[in-house]
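Notes follow the structure.
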Amino acid sequence: MTAKLKFKITIDILLTVLLPVLMAYALTGQKVHEWIGAVMFAAFIIHNVLNANWYLNLFRGKYTPQRILQTAINLMVFVSMIGLMISGIIMSRYVFSFLPINGSASFARELHMMSAYWGFVLMSLHLGMHGNMIKGIVSKSSGIQSGSRPYKAVLSLMEITISYYGLYAFIKNDITSYMFLKNIFVFFDPNQPVILFFAEYIAMMMLFACVAYYFSMLLQIYTRKKHQKRYK
C-alpha cells in the first residue's frame, strides 16, 4: 500500500468517524461542533483534491446505471457540503466569527439543518458505494479471508441486524421531518445514554450504506446480463 493510498484511507476514516459526532450537536455544544465541522470541511476538501481525477473524468467514458447512481450521489454530497459550509459560516460564533459576513439567521438555520440531514444520508450512501473496497481493506488488515463462508455468514448477519436497528432509529428519530424541514427543531432526549445515541446514528449509517452497496450490486448484475444478451 502506497503512502498516498494510506493517506487517502486515513482521510476517509476521519470523515466517517466525524459524521455521527457532528450529528451530536446537543451533546458537544456549539463551540466544539464548529471546530469539528471545520475539521470535517478541511478533510472534505482534501478528499476531493485527492480524488480530483473523478471530476476530470466526469464527461469521459460510458455511463452505466451504476456510474449514473454513483455520480448522482457524489454530486449531491458535494451540494450538501457546500450548503453546510455556507450556512455554518453565517451562523458561526467562534471559528468564523472574524469574517464580516451577514446573512439571514433563519435561512442559514434551515439550510444547515436540511444540508446536515441530507448530507448524513447521502454520505452514508456514498460510503456504501465503496463497499467492496472497504471489505477488501478490512479483510487485508485483519487477515481474514473475505471469501470464506463463515466470514460471509457473520458479515451478513451483522449487516441485517444493524440495518434493522438503523431503520428503527431512522423512524424513531423522525429523520425525514428534518430532511424536509417539517420540523426545524431537533428533538434530543436528555435521558438517552450517549452510547445509545451514537449506536443509533452508526446503525443508520450502516442502513444506508447497505442499501447503496446492494443496489449497486444489482445494477452491476443488470448491466452484465444486458451486455451478455447483446453479444449472444
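In short: position in the sequence shown from 1, add 1039, done, that's our numbering.
Virtual Cβ for every residue (Gly too), placed ideally from N, Cα, C.
Asked: Could you tell me the boundaries of the alpha helix (DSSP H) in which H1086 lies?; Found: 1069-1089
Asked: Rounded to whole angstroms, what's the CA-CA distance from F1236 to L1220? Just pull it up for me.; Found: 22 Å
Asked: Mapping DSSP to helix, strand and coil, what is N1222?; Found: coil
Asked: Are W1157 and S1202 touching if we call contact CB-CB under 9 Å?; Found: no
Asked: Do N1087 and F1135 come within 9 Å of each other at the CB atom, strictly closer than that value?; Found: no
Asked: By Cβ distance below 7 Å, which residues in the same chain neighbour F1247 in space, the five residues on each side in sequence not counted?; Found: V1160, S1163, L1164, G1167
Asked: Can you look up R1106 in the DSSP assignment and give me helix, strand or coil?; Found: helix
Asked: Do the CB positions of L1097 and K1047 come within less than 9 Å of each other?; Found: no
Asked: Around the Cβ of A1091, are there at least 16 other Cβ atoms within 10 angstroms (buried) or fewer (exposed)?; Found: exposed
Asked: Which same chain residues, not among the five before or five after T1110, have their C-beta less than 8 Å away from its C-beta?; Found: L1097, Y1102
Asked: Taking DSSP as the reference, what is the three-state secondary structure of Y1094?; Found: helix
Asked: What does the alpha-carbon distance come out to for the pair W1074 and A1155?; Found: 16 Å
Asked: Measure the Cβ-Cβ separation of I1128 and L1114 and say whether it is below 9 Å.; Found: no
Asked: Looking at C-beta atoms only, is the number of pairs between the region 1254-1267 and the region 1193-1208 that lie closer than 8 Å three or more?; Found: no
Asked: Going straight from the alpha carbon of I1050 to that of M1130, what length do you get?; Found: 26 Å
Asked: Can you round the beta-carbon distance between I1214 and R1148 to whole angstroms, since I take them to be within the 8 Å contact cut?; Found: At roughly 17 Å, the Cβ-Cβ gap does not stay under 8 Å, so I1214 and R1148 are not in contact.
Asked: Using three-state DSSP, classify L1206 as helix, strand or coil.; Found: helix
Asked: Put K1101 into one of helix, strand or coil per three-state DSSP.; Found: coil
Asked: Using 9 Å as the limit for Cβ to Cβ distance, is A1077 near chain C?; Found: The structure shown contains no chain C, having only a single protein chain.
Asked: State the start and end residues of the unbroken alpha helix (DSSP H) segment that holds A1144.; Found: 1144-1168
Asked: Going by alpha carbons, who is nearest to R1263 out of P1104, A1042, T1041, V1071?; Found: P1104
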